[in-house]
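To keep things clear, I will list the structure first and then write my remarks on it.
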Amino acid sequence: MAFLGTAVRKVASCRPALSPLCRSATTSRRYSSSSEPTTEKSVPYENVLKVEEGGSGPTKPLPKSAEAVVIGGGSLGCQTVYHLAKMGMTNVVLLERDRLTAGTTWHTAGLLWQLRPSDVEVELLAHTRQVISHDLEQETGLETGWIQNGGLFIASNKQRLDEYKRLMSLGKVYGIESHVLSPAETKDLYPLMNVDDLYGTLYVPKDGTMDPAGTCTTLSRAATARGATVIENCPVTGIQVSTDDMGVKRVKAVETFHGTIQTPVVVNCAGVWASKLGEMAGVKVPLIAMHHAYVVTERIEGIQNMPNVRDHDASVYLRLQGDALSVGGYEQNPVFWDKVSDKFAFSLFDLDWDVFMQHIEGAINRVPALEQTGIKSTVCGPESFTADHKPLMGEAPEVRGFFLGCGFNSAGMMLGGGCGRELAHWIIHGRPEKDMYGYDIRRFHHSLTDNNKWIRERSHESYAKNYSVVFPFDEPLASRNMRTDPFHKVLTEQGCVFQERHGWERPGWFNQDGAAPVLDYDWYGAYDISKNQNYKYNELLGKEYTFDYPPHHNVIKNECLTCRHGVSVFNMSYFGKFYLTGPDAKKAADWLFSADVNKIPGSTVYTCMLNKRGGSEADLTVSRLEAGTANLPLAPESNGDAYYLAIGGGVAEHNWNHIKTVLQDEGFNCQLTDYSEDMGMISIQGPKSREVLQEILDTDLSNDAFPFSTHKVCNAAGHKVRAMRLSFVGELGWELHIPKDSCLPVYQAVMAAGAKHSIINAGYRAIDSLSIEKGYRHWHADLRPDDTPLEAGLAFTCKMKSTIPFLGRASLENQKAEGLRRRIVCFTIDEKVPMFGLEAIFRNGVPVGHLRRSDYGFFIDKQIGYGYIRNPDGGVVNADFIKSGKFTLERMGVVYEAKPHLKSPFDPSNNRVKGIYPDNYHNVYKANAQ
Amino acid sequence: MPVTSQLFRGFPRAKLWGSSLFPCQRQLPCCPTSHRPTLSQPHPIWPTAMPVRGYRRSPDLHSYNLTPPQVNSILKANEYSFKVPEFDGKNVSSVMGFDSNQLPANAPIEDRRSAATCLQTRGMLLGVFDGHAGCACAQALSERLFYYVAMSLMPHETLCELESAVEAGRPLSPILQWHKHPNDYFTREAQTMYFNSLRTYWQELIDLSSPGESLGPREALLSAFKRLDSDLSLEAQVGDANSFLHYWVLRVAFSGATACIAHIDGSDLYVANTGDGRAVLGVQEEDGSFSAHTLSNDHNAQNENEVARIQEEHPPSEKKTVVRQDRLLGLLMPFRAFGDVKFKWSIDLQRGVLESGPDQLHDNEHTKFIPPNYHTPPYLTAEPEITHHRLRPQDRFLVLGTDGLWETLHRQEVVRIVGEYLTGVHQRQPLTVGGYHVTLGQMQGLLAERKARASLAFQDQNAATHLIRHAVGNNEFGAVDHETLSKMLSLPEELARMYRDDITIIITQFNPHVVGHQRQGGES
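Going down the list, the protein sequences come from chains Y and R.
Per the working numbering, the very first residue in the first sequence carries number 1072; after that it's consecutive.
Per the working numbering, the very first residue in the second sequence carries number 39; after that it's consecutive.
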């Protein structure tokens, strides 16, 4: 009996005693929060630059004028002002509203990883590391707080490990040491880690951790030492913008409570407040603030000196914090900060534990000791996020002299050094040194940058997918169908799987079993929004989440080979379609374009546009229009010096702004007008294209009457169109530029005429393959602003033999005289393995570069890759250097022998575009005709 | 005697002073006539079934795993909801409705509940009754107490009308509109006797009052409680010619029950409490959170005033014996109760009544048992403590519960759970770690529970069911988990009482648009 009583008592007593602390925790949230100790919210840093007494007024007197005013004393502002001073622009001012780092930098986790799936980013990160771990200490004698504890990426599946191996191969090109470790080796390195569910890890010994306060203080000291002025406690109240006689808006001055600084250049490094600052100048800054959080733990025995961990599959990072860890991550349902407050210096939010919950599980799984580890504090602060999780940089399209350096997606510390330098270069020299197009505000079409739905949805998706494997053919699901062309509906019905570029929906490939339309964004089911069910488009995307050939490789193959052997039609309506007209149009065309576009009216020329340093800012076709009256949208009024510019649709905004900027800088009196959305464009390509088109066009398509590289306005099935004999795939073919309303009837006529030739629709996946096979460049892939046309094998686009001056000519001449130090080379490999770019190129075992772009060439039946190679000795890269080397490509740690080609392996004599096909084609044609 | 004390000490959670005093639980259905499907299989009294040792050793009892639907069907078996009818979409009553439920631990359950609307006077009556030493007393209370209250509240004229109608053989206008669950018991055989006792009471009320008079709610409640307990005692002493009824009235008087009832009329809320049931008001603060406002005092050893009262009522020589081991005379946990004549009658009266009683009583050894140190009866009273509260708009609901609820959940937690349930706020309230040392693992458990809670609330259509789910299913993190629920609900009958008591809950929701806006005494 007594025993029974004990048993009962035991049961009874254990229930109310159930973890009183947790009960209190649950109840405390509802009652009189003031009586409870407030949540510990603090960053894990010893040193924060907050000053309690908060001096009123600026820390230094404001100068009357400056060459540039950087606004925002966070990572980017400090790095930019430091690099500006270092590059010699010393009359620069940094204005900080509160104290340095007060906005978001002070609470950043400060991780630095060196390897990212982008060559430019690897270079930017390397520079940040160089500045923080070396340069600053040398210049100032101060330590920035850099700790080189290494970085460890976790792979819990094969694809993830493949991605890491890809990074490892790229790292070799840049001399970044990295090791792929087995689970057992990982355990040896990090004994507290659970490795049971690991596939492998990537260990980068020289990754590390930055200290935000230490870094920014040191940067500001170094900048000040070089003559820059750093002023704290000085909020900006306005930006003066003036409009010059050409109607161009330019930055004039920065206003504060304490005076006005005259300046031609303002740099917006205001972080989550950047949109507000932009508004002061009428500049759209498409970023959104979200809560981003991490939790600092109590001491963990044995964690000292462990590398930082990034567990992509669990979307969690573990940052070493002395003898403890900070745990953070990217969740599916981040909290938006809609009411961005001006008074938020050194402030944090209450952590929303329900949102954070998903990270705890991942963290405990990875380091089981965390389960028993106490929570020391929480850090939940605002960070700015953008539509593609890439920063916003460069000169704003709206106002000259207004530069952006914001929207860093919680990577502002990590990218700060590299981006600060590029931004400084941009400001001083007009363009950055590296290819910064991926960060350039011009990568977004201007119709999107103030579309709040687009910013919000796309930012959410990018945030939630931040740790997802970066697959080469992935597409966003958020805010699609922003810009659709007249063919969109009919192609959707035919199974078109669209890609998103610049807001446009462009055809990717054609699914053979039914339509796969893009649906409204379902937020991946977050925020209790119901997920799209049976989402075929999403399923098709999912099938491409592989580093092997996709399951529809054969579908793309058919699209390609039909074009090579028969005829395919490509909808390229998303192209940018501009007219350059006006009194100075000819002068402007001579200066803007590297090629001589002033052939006879009716000619079409493929050309580059260069920057001062000879780098390729764009490639496009320019058609000189016949004189005549306006017949818009097909033709503007022309005196014979009017030009029609057709530009890849994904880079239209960039081209537009490049041209505008040059026109303004040179003072040319001409107009640039945009008819992109008023005309559609289809391109009919292949040996049989002439037979098909001859049926519907009222003009002679023979080689003599309509030679390659010419254009004409003619009738197609009763509708006026501009036909242009061009090819992006290396075949006989014509582009039809068609006024919007005529698009569908013309398309239907083409398809009807093509039916007996088995014409098919084809998409950009086929164009990618066909164009690389032919050896045509893709801008921002194998042709970038850091590549000159000479290096890119596009010397034929440069009018060097003429005496006509053009932008970049001087640099090209220098380069030509000195010889090329780097040069594009085509490689083919015999093995059937897919490559995507970033694979390392070795010459005689020494890394000499990496692939920029790779695709499968179905006609030659080989994997093709293009990459720039350098001479490891710094010498000239000429034909001999290429011919004499033994080349290999490293893909995910595996080495493949590669054959270099000085000329395209496909149709090197360029016959096909001229309509010259081997006899058997002709015979086939004849047979069909009979 | 020493054996008996030992036995009592062994059951700290059982408040009865001899569950086997009357063998009725296993030999007879609880009530003479039951409209409920009776638990007719033999119920072994649990001291003879001792699988506790086995339980402790192997937690894998065969019946552990209930599916969520099984759990739900157990939890929902006795749930009941009443919504006050609206007129033209407007609810002019201060009560919007109530949810009630009960979960048995005893077999059969010894708790009872009642709810009724007064038809001859204003207001609504709600009550929970916790029986001990059988269910008979609680059963009688559940059927009779509200009539006594209603009578006490009636003005002189209404009582006279009633009396003349009975006299003339005219049909009576109904006095109460009951809100009963189909499973609620009803003792048909005793109705005539009950009616006669009630009629005697109202006749006295008529005699004692003059035209134009009625008792105020406080006096009415007090009078009703005392009168009913006195009637229970008298009926047992008088007995009945019908041996079955005679046995029944003795069972009622020798068993006991606590009562916690509320009378709500407009903004006036009266709580009358006898024993350790409890009435707690859920008050919504300006920040949306809920706090508990208790409207009753527990009558047990934890209440110093009660201990002092009892000690004062008896000679100093009994000071040490009158309350022992936190029990009245070392036996009874509640310090006030209906019935329990073993604590009220003199020894001679007890012996006399038992000797003249039906044969069934003589078979049981325990019937002759007299509490130890029984010198100056009565030791026990049914007199209630009465609390008046004027409802304010922030008073959102009233929880009436038997001690089975209050010993598993703190009143603050009860009010939070109900408040969150009723307002539909479950997950979005931010969670903070207010200065406590919490590990990541604990945090994870806590968050998982919060997430689960939202879906649980969705399962329950009845606030009382939701509360029982928490009372029974809370795990070590104060969170409902299915495993705990499944274990607690699948305990064999003979074990269940060791882990939990009967739980009975009535949650009354107030209409914030009505309360606080009424003129005092105005028509509702």
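Glycine included, every Cβ here is placed at the ideal spot set by N, Cα and C.
The structure displayed is predicted, hence computed values, not measured ones.
Distance CB(residue i)-CB(residue j) smaller than 8 Å
i, j, result
"Y:Ala1660", "Y:Val1693", "yes"
"Y:Leu1195", "Y:Cys1490", "yes"
"R:Gly571", "R:His475", "Absent from the model: residue 571 of chain R. The displayed extent of chain R is 39 to 562, so no value can be given."
"Y:Thr1899", "Y:His1972", "yes"
"R:Arg256", "R:Tyr308", "yes"
"R:Gln450", "R:Ala330", "yes"
"Y:Gly1145", "Y:Glu1303", "no"
"R:Ile147", "R:Asp441", "no"
"Y:Pro1707", "Y:Tyr1650", "yes"
Residue of the options minimising C-alpha distance to residue i
i, options, result
"R:Pro530", "R:Val130, R:Ser119, R:Asp325 and R:Ala143", "R:Ala143"
"Y:Leu1865", "Y:Tyr1715, Y:Ala1706, Y:Leu1681 and Y:Glu1748", "Y:Leu1681"
"Y:Arg1893", "Y:Ser1518, Y:Ile1940 and Y:Ile1498", "Y:Ile1940"
"R:Ile302", "R:His426, R:Ala501, R:Gly483 and R:Ala346", "R:His426"
"Y:Phe1799", "Y:Ile1843, Y:Ala1723 and Y:Val1470", "Y:Ile1843"
"Y:Arg1962", "Y:Gly1242, Y:Arg1168 and Y:Gly1653", "Y:Gly1242"
"Y:Cys1785", "Y:Leu1807, Y:Tyr1595, Y:Arg1200 and Y:Phe1779", "Y:Leu1807"
"Y:Ser1955", "Y:Lys1970, Y:Val1965 and Y:Gly1945", "Y:Lys1970"
"R:Ile424", "R:Thr522, R:Pro123 and R:Ala317", "R:Ala317"
"R:Leu443", "R:Ile506, R:Ala258 and R:Glu421", "R:Ile506"
"R:Leu164", "R:Gln547, R:His551 and R:Val553", "R:Gln547"
"Y:Val1387", "Y:Asp1775, Y:Lys1258 and Y:Arg1437", "Y:Arg1437"
"Y:Ala1139", "Y:Ala1495, Y:Leu1171, Y:Phe1479 and Y:Ser1397", "Y:Ala1495"
"Y:Val1568", "Y:Ala1794, Y:Thr1334 and Y:Lys1607", "Y:Lys1607"
Neighbouring residues, chain Y, relative to residue i (Cβ below 9 Å)
i, result
"R:His475", "Leu1092, Glu1369, Gly1445 and Ile1446"
Proximal chain R residues relative to residue i, where beta-carbon distance stays under 8 Å
i, result
"Y:Ile1435", "Leu478, Gly479 and Gln482"
"Y:Leu1389", "Chain R residues near Y:Leu1389: none, gap ~11 Å exceeds 8 Å."
Beta-carbon neighbours of residue i, restricted to chain Y and to distances below 8 Å
i, result
"R:Leu191", "Under the 8 Å cutoff, chain Y gives no residues; its nearest Cβ is about 37 Å from R:Leu191."
Residue i (DSSP reduced to helix, strand or coil)
i, result
"R:Asn565", "Residue 565 of chain R cannot be examined here, being either before or after the span of chain R that is shown, 39 to 562."
"Y:Pro1306", "coil"
"Y:Ile1830", "coil"
"Y:Gln1886", "helix"
"R:Arg231", "A small fix is needed here, since residue 231 of chain R is Met in this sequence, not Arg. In the structure shown, R:Met231 sits in a helix (DSSP, three-state: H, G or I)."
"R:Glu33", "A question about residue 33 of chain R goes unanswered here, because the residues of chain R that appear run from 39 up to 562."
"Y:Cys1490", "helix"
"Y:Thr1053", "The displayed coordinates of chain Y run from 1072 to 2001. Any statement about residue 1053 of chain Y would go beyond what the structure contains."
"Y:Leu1764", "helix"
"R:Ser111", "helix"
"Y:His1517", "coil"
"R:Phe328", "strand"
Contacts that residue i makes with chain R (C-beta to C-beta distance below 7 Å)
i, result
"Y:Asp1413", "By Cβ distance, chain R contributes nothing, its closest Cβ being about 23 Å from Y:Asp1413, past 7 Å."
"Y:Met1264", "Going along chain R, no residue has its Cβ under 7 Å from Y:Met1264, so there is no contact; the nearest lies around 15 Å."
"Y:Leu1419", "Within 7 Å Cβ-Cβ: nothing; Y:Leu1419 doesn't reach chain R, min ~13 Å."
Within chain R, the residues that residue i reaches when beta carbons sit closer than 9 Å
i, result
"Y:Ile1431", "Leu478, Gly479, Met481, Gln482 and Leu485"
"Y:Pro1441", "What sits at residue 1441 of chain Y in the sequence shown is Leu, not Pro. Those within 9 Å of Y:Leu1441 in chain R are Thr477, Leu478 and Gly479."
Heavy atom of the ligand ATP within 7 Å of residue i beta-carbon
i, result
"Y:Val1338", "The ligand ATP is not part of the structure shown, which contains no ligands of any sort."
Exercise. Could you give the uninterrupted runs of the beta strand (DSSP E) lying entirely in the stretch 1312-1374 of chain Y, keeping only those of 3 residues or more?
Worked result: Here the runs fully enclosed are 1320-1327, 1330-1333, 1337-1339 and 1359-1368.
For this session: Output the residue ranges of the alpha helix (DSSP H) runs that lie fully inside the stretch 1805-1875 of chain Y and measure 4 residues or longer, sorted by chain position.
Result: Qualifying alpha helix (DSSP H) stretches, in chain order: 1814-1825 and 1835-1845.
Exercise. Could you give the uninterrupted runs of the beta strand (DSSP E) lying entirely in the stretch 1442-1480 of chain Y, keeping only those of 3 residues or more?
Worked result: Unbroken beta strand (DSSP E) runs of no fewer than 3 residues, entirely contained in the stretch 1442-1480 of chain Y, are found at 1446-1456, 1463-1466 and 1473-1477, following chain order.
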